[in-house]
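Residue numbers (the numbering used here): 35 to 174.
We put the CB at the ideal spot given by N, CA and C, even for glycine.
The model shown is predicted, which means the values in this text are computed figures rather than measured ones.
What follows is a short report on a single structure.
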């Protein structure tokens, strides 16, 4: 029973991380969360401009949504596993398996989100640079 608090913390962590990842990405994509030094997908490309910031976070939304869904799954299976483990003689520490695996999957989706955001932000920056070049040379 001494492992019970650790399992509960992990269950809450996987759920909380999913919510934080999705909510911050969604807020940045919608413009509610401005380009800042603390929260959001902060790569060199996404911090170039407000347009790059928003485009990057919009591109990252599907991966962030998956991280949220994995958080729900991890918390649900974690609670279900905890109930089963409390009703049996199995070690309670087995309850970390489902939320622990889900936490690792969330980390993978975060990597995808950063990759998608960076690619979209670079595209916006490149198109802005091309537009600036065209106007400087007089090409339309």
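For the 9 Å CB-CB criterion, residue 112 and residue 45 form a contact. With respect to the 9 Å criterion, residue 85 and residue 158 are classified as neighbours on the basis of their beta carbons.
Exclusion of the five residues before and after residue 127 leaves 37 as the residues of its chain whose Cβ lies within less than 7 Å of its Cβ.
Under the three-state reduction of DSSP output, residue 70 falls in the coil class, being neither helix nor strand.
Inside the region 84-169, DSSP marks whole alpha helix (DSSP H) runs of 4 or more residues at positions 84-121, from first to last along the chain.
Assignment of residue 77 by DSSP, reduced to helix, strand and coil, places it in the coil class.
Residue 65 carries a coil assignment under DSSP once its states are collapsed to helix, strand and coil. Residue burial is scored here from C-beta neighbours: residue 109 has at least 16 other C-beta atoms within 10 angstroms and is therefore classed as buried.
In this structure, residue 59 places its C-beta atom within 9 Å of the C-beta atom of residue 95. Residues of the same chain with a CB within less than 6 Å of the CB of residue 98, apart from the 5 flanking positions on each side, are 55, 56, 59, 147 in chain order.
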